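Engineer: In the working numbering, the protein residues as written are 782 to 1475.
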Amino acid sequence: MHPEIRQDHSGNCPKCGMALEPLLPAADDDDNPELRDFSRRFWWTLPLSLAVLVLAMAGHRLHWMDMRVQSWVELALSLPVVLWAGLPFFRRAWESVVHRSPNMWTLIGLGTGAAFVYSVAATVAPGMFPDSFVSMGRVGVYFEAAAVIISLTLLGQLLELKARSQTSAAIRSLLGLAPKTARRVRENGAEEDIPLAHVHVGDRLRVRPGEKIPVDGVVLEGGSAVDESMLTGEPVPVEKRSGDRLIGATLNTSGALLMRSERVGSDTVLAQIVQMVAQAQRSRAPLQRMADTVAGWFVMAVIAAAVLALLAWGLFGPQPSWVYGLINAVSVLIIACPCALGLATPMSIMVATGRGATQGVLFRDAAAIENLRRVDTVVVDKTGTLTEGRPAFDRAVPAEGFGADEVLRLAASLDQGSEHPLADAIVKAARDRGLALEAADDFESATGIGVRGTVGGRRLALGNTVLLEQEGAKADPLLPQAEPLRAEGASVVYLAVDGRLAGLLAVTDPVKAGTEEALRALHAAGLRIVMATGDGLTTAKAVAARLGIDEVHGEVRPADKLALVERLQGEGRVVAMAGDGINDAPALARADIGIAMGTGTDVAMNSAQVTLVKGDLRGIAVARALSQAAVGNMRQNLMFALVYNALGVPLAAGVLYPFTGLLLSPMIAALAMSLSSVSVVGNALRLRRQALLP
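1) Taking one C-beta from the stretch 1402-1419 and one from the stretch 1143-1151 each time, how about it: are there three or more such pairs within less than 8 Å?
2) Relative to the C-alpha of G1375, which candidate in G1463, D1162, D1186 has its C-alpha closest?
3) Opposite Y1275 in the DSSP bridges: which residues?
4) Excluding five sequence neighbours on each side, which residues of the same chain lie with their C-beta closer than 6 Å to the C-beta of A1368?
5) Which word fits K1395, buried or exposed, when buried means at least 16 other C-beta atoms lie within 10 angstroms of its C-beta?
6) So E1225 packs on V1236, CB below 8 Å; how close in whole Å?
7) Would H1201 pass as a contact of V1247 if the rule is Cβ separation under 9 Å?
8) List the endpoints of the continuous alpha helix (DSSP H) containing P883.
9) Please classify K961 as buried or exposed, where buried requires at least 16 neighbouring CB atoms within 10 angstroms.
10) What number of angstroms, rounded off, separates the C-alpha of V1430 from the C-alpha of S932?
11) By DSSP, does F1224 sit in helix, in strand, or in coil?
12) Does A1204 pass the burial test, meaning 16 or more other C-beta atoms within 10 Å, or should it be called exposed?
13) What does the alpha-carbon distance come out to for the pair I1084 and L834?
14) Could you tell me the alpha carbon to alpha carbon distance between V901 and G908, rounded to whole angstroms?
15) Using the Cβ count rule (16 or more neighbours within 10 Å means buried), how would you classify V878?
16) Could you have a look at L1466 and say whether DSSP puts it in helix, strand or coil?
17) Could you work out which residue in V980, D1025, A839, F819 is closest to E1002 when comparing CA atoms only?
18) Based on the DSSP output, what are the partners of L1494 in its beta bridges?
19) For I1330, which residues from the same chain have a beta carbon less than 6 Å from its beta carbon, with the 5 sequence-adjacent residues on both sides left out?
20) In chain order, what residues of the same chain lie with their CB nearer than 7 Å to the CB of S1194, ignoring the 5 residues before and after it?
21) Nearest CA to the CA of L1419: which residue from L1167, M1128, L1266?
22) For F1097, count neighbouring C-beta atoms within 10 Å of its own C-beta (all shown protein chains included) and say buried if the count is 16 or more, exposed if not.
23) Note down, one range per segment and in chain order, each beta strand (DSSP E) of at least 3 residues found wholly within the stretch 1277-1354.
24) Determine the direct distance from the alpha carbon of V982 to that of L1179, and round the result to whole angstroms.
25) Flag this pair as yes or no: are the beta carbons of A753 and L1243 separated by less than 9 Å?
26) Could you check which residue in G1442, L1167, F1440, A963 has the C-alpha nearest to that of R1399?
27) On a Cα-Cα basis, can you pick out the residue from V1391, V1208, E876 that is closest to Q1140?
28) What's the C-alpha gap between P1291 and V1356?
29) Just grab the DSSP bridge partners of I1374 for me.
30) Go to M776, then tell me how far its beta strand (DSSP E) extends in each direction, as first and last residue.
31) With a 10 Å radius around its C-beta and 16 neighbouring C-beta atoms as the bar for buried, classify L868 as buried or exposed.
32) According to DSSP, simplified to helix, strand and coil, what is P861?
33) Starting from the C-beta of F897, find all residues in its chain whose C-beta is less than 6 Å away, skip the five residues before and the five after it, and write them out in chain order.
34) Around the C-beta of G1182, are 16 or more other C-beta atoms found within 10 angstroms, so that it is buried, or is it exposed?
35) Spatial neighbours of G998 within its chain, please: C-beta separation below 6 Å, excluding the five flanking residues on both sides.
36) Relative to the C-alpha of A1271, which candidate in E1352, F1174, Q1197, D1196 has its C-alpha closest?
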């Protein structure tokens, strides 16, 4: 509940008193030391608690022994329960006092401790109590209350710990995806199986049909269909050929592959997903900060209410008034335990992040889960976000004095140093045509508008009209050819040679499968979709018209995207920015929610609060639905906890006694307290099965 508390060994949280948990659970670690310890304490002392309860309830009726002797027997039976089984609770209660952080254990320690100490005093020195405390031949004792409350609290903790362990199931299942070994191919062609930890970057690995991809890398030889559903949520296997990327822990279904490892250990996609899920589960939602503040003051208010109940009953209640006062004070302390309030939001966050991970949606922190539901405007990049990001070269149109192949060759020579998807298509087309490429010197990437460099002693610039104008060239001579291409959705870039227009190149980038469906879902949810792309405005409008996008901005630089997000926020909109490139990073960071495509750059993912592993915009609709479900679940939990305490405290204090003649037993209060925590955790676990989209 308090992720800012960290230490290099196990122990209890000084703020909430709960046992600290490992930052990252192990894949095969289902053993919880706290659960094992509490289980042992519960089962060994449960017979003693039941024996004390039977004596207290029926001993005076069956006349088994003198009542004063019975008090000593009850003391002997309850002593191991309170001092051994309840020892962890009293330690946590003391730590809460030392750290000045009142919590649920403060109330449990005070309640059971008061009942037990009073009962011991009444047994050892009954003469110090007035006659009004004597009932049925002895001073009234409440060993059964202290013992049964300890047992019921242990039972509640067992149920809660078992339920909480299910919230980490997503991380453990992700960790379990990774294979244990890899098959390395040596330089001489010999093959050997090695532990996964011994795989290094650059190793050649053989992946046979039915085996898992060991690490992230690229296909060198062979072809197959790879099932990536465990990481992306996409059920259809993806065809892989030479040059295609592979994600570690995905399943090779059919053919044999020879791959080169590129990311190993903590750098793999799987490891980064696990880290992001763990980080999000440890983070705190804004609602949780409010709950913590309420819980801190609530404990002090409960202690005050317990003291008030003790005094009110002791001074004004029927005889034995102070005994009634003690019973009601203990009931107030126990039933008002704020554990349900403290668990209300962390459990929902843990389940939601785990559910998101299985759907290919990664939340960086709890605030992202809580805030995504408020988004009403989504700004999207085009290339790599709406479209495949793997464009195909269409044609080269030369200007006067240049040939089409020469334009393609010069552009490809310059683009060899670029990582832009359009550059890959141009370079690939030139090589496929057997054009001789030259090395580019003084290469410079003008982010968002194009690239510059020197090829064969000539100064080249390749990009949009903004870059062309900076080079002193004009696109006017080729506009009649460019506009029809853009109208068809092609991206057009211009080549300038020594400040002179040399030609244009058209590259098509197909819209991603599922983009239209995703945008329909977002529109149905009431969101406004805005496209901001560095591509030409005509191309952008052609794509926007096909997809039904509400607002289009073309030929924008990174600063322009940032300014667009700020303008929309200035209009009172809650903005999410979805992108995949370095040029999107400023806008991703500035948006209320940044959404990065998992197929994009690390810079984009580091700038965003949400990552879509597969890079499919349908993930935005899933993430938003999950955000709405999670926040609704948190509010249900908080409301349940607050209503429970609002009703429970007056009932425990005995406000209904004048009307019904009934008082709430501390044991019933302890059972209600435990069940309230279990109910909150159980409600959070419903998120694992809740439908997200119609």
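We put the beta carbon where it would ideally sit given N, CA and C, even for glycine. The structure presented is a predicted model; accordingly, all values stated were derived computationally and were not measured.
Structural biologist: Reading off the structure:
1) Here the stretch 1402-1419 lies against the stretch 1143-1151, with 3 or more beta-carbon pairs under 8 Å apart.
2) Position 594 of the sequence shown, counted from the start, is the residue given in the question as residue 1375. Ranked by Cα distance from G1375, the options G1463, D1162, D1186 are led by D1162.
3) Numbered from 1 along the sequence shown, position 494 holds the residue referred to as residue 1275. By DSSP's assignment, Y1275 forms a beta bridge with G1244, L1285.
4) Locating residue 1368 in the sequence shown gives position 587, where the first residue counts as 1. Non-local beta-carbon contacts of A1368 in its own chain, meaning distances under 6 Å to residues more than five positions away in sequence, involve K1342, L1343, V1346, M1358 in chain order.
5) The residue given as residue 1395 occupies position 614 in the sequence shown. When all chains shown are included, K1395 counts as buried.
6) One-based indexing of the sequence shown puts residue 1225 at position 444. One-based indexing of the sequence shown puts residue 1236 at position 455. A Cβ-Cβ separation of about 13 Å leaves E1225 out of contact with V1236 under the 8 Å criterion.
7) Numbered from 1 along the sequence shown, position 420 holds the residue referred to as residue 1201. Numbered from 1 along the sequence shown, position 466 holds the residue referred to as residue 1247. No, the pair does not count as a contact, with Cβ atoms beyond the cut-off.
8) Here residue 883 corresponds to residue number 102 of the sequence shown, with the count starting at 1. Boundaries cannot be given for P883, as no alpha helix (DSSP H) includes it and DSSP labels it neither H nor E.
9) Working through the sequence shown from its first residue, we reach residue 961 at position 180. K961 should be labelled exposed.
10) Residue 1430 sits at position 649 when you count from the first residue of the sequence shown. Residue 932 sits at position 151 when you count from the first residue of the sequence shown. Put simply, the backbone Cα of V1430 is about 21 Å away from that of S932.
11) The residue labelled residue 1224 in the question sits at position 443 within the sequence shown. In the three-state scheme derived from DSSP, where H, G and I count as helix and E and B as strand, F1224 is classed as strand.
12) Here residue 1204 is taken as the residue at index 423 of the sequence shown, counted from 1. Buried, since its Cβ has 16 or more Cβ neighbours within 10 Å.
13) Looking up residue 1084 in the sequence shown gives position 303. Looking up residue 834 in the sequence shown gives position 53. Looking at the two C-alpha atoms, the distance is approximately 27 Å.
14) Sequence index remark: in the sequence shown, residue 901 carries index 120 (1-based). Sequence index remark: in the sequence shown, residue 908 carries index 127 (1-based). Those two C-alpha atoms are separated by around 13 Å.
15) Taking the sequence shown and counting its residues from 1, one reaches residue 878 at position 97. By the neighbour-count rule (16 or more Cβ atoms within 10 Å), V878 is not buried but exposed.
16) One-based indexing of the sequence shown puts residue 1466 at position 685. The answer is helix: DSSP assigns L1466 an H, G or I state.
17) Here the question's residue 1002 lines up with position 221 in the sequence shown. Closest by C-alpha distance to E1002, out of V980, D1025, A839, F819, is D1025.
18) In the structure as shown, the chain starts at 782 and stops at 1475, and residue 1494 therefore has no counterpart that could be examined.
19) For the purposes of this step, residue 1330 is identified with residue 549 of the sequence shown, where counting begins at 1. Sequence-distant partners of I1330 (beyond 5 residues in either direction) whose C-beta falls short of 6 Å from its own C-beta, in its chain, are I1310, M1312.
20) In the sequence shown, residue 1194 corresponds to position 413, counting from 1. These residues qualify, in order along the chain: L1218, E1219, A1221, V1236.
21) The residue given as residue 1419 occupies position 638 in the sequence shown. If we check each option's Cα against that of L1419, M1128 comes out closest.
22) On the sequence shown, residue 1097 is found 316 positions in, with the first residue counted as 1. Classified as exposed, F1097 has fewer than 16 neighbouring CB atoms from the shown chains inside 10 Å of its CB.
23) DSSP assignment within the stretch 1277-1354 yields the following whole beta strand (DSSP E) runs of 3 residues or more, N-terminal first: 1281-1289, 1309-1313, 1332-1334.
24) Translated into positions along the sequence shown, residue 1179 becomes position 398. Translated into positions along the sequence shown, residue 982 becomes position 201. Correcting the residue type first, residue 1179 is Pro in the shown sequence and not Leu. C-alpha separation (whole angstroms): 43 Å.
25) Outside the shown range of the chain, which is 782 to 1475, sits residue 753, and nothing can be said about it.
26) As a position in the sequence shown, residue 1399 is number 618, starting the count at 1. Distances from the alpha-carbon of R1399 to those of G1442, L1167, F1440, A963 put L1167 closest.
27) What you label residue 1140 is simply residue 359 of the sequence shown in a count that begins at 1. The shortest Cα separation from Q1140 among V1391, V1208, E876 belongs to V1391.
28) Taking the first residue of the sequence shown as position 1, residue 1291 is located at position 510. Taking the first residue of the sequence shown as position 1, residue 1356 is located at position 575. If I take the Cα positions, the gap works out to 26 Å.
29) Counting from 1 along the sequence shown, the entry for residue 1374 is found at position 593. Looking at the DSSP output, I1374 bridges to A1357.
30) Beyond the ends of the chain as shown, which are 782 and 1475, falls residue 776; an answer cannot be given.
31) Your numbering for residue 868 matches position 87 in the sequence shown. Taking all protein chains in view, the Cβ of L868 is surrounded by fewer than 16 other Cβ atoms within 10 Å, so the residue is classified as exposed.
32) Looking up residue 861 in the sequence shown gives position 80. Helix, per DSSP.
33) By one-based count along the sequence shown, residue 897 stands at place 116. When the five nearest sequence neighbours on each side are left out, the beta carbons in the same chain lying within less than 6 Å of the beta carbon of F897 are those of V863, A927, in order along the chain.
34) Position 401 of the sequence shown holds residue 1182. In the assembly as shown, G1182 is an exposed residue. Its beta-carbon has fewer than 16 other beta-carbons within 10 Å.
35) To locate residue 998, count along the sequence shown from 1; it is residue 217. L1027, M1040, R1041, S1042, E1043.
36) What you label residue 1271 is simply residue 490 of the sequence shown in a count that begins at 1. Nearest of E1352, F1174, Q1197, D1196 to A1271, Cα basis: F1174.
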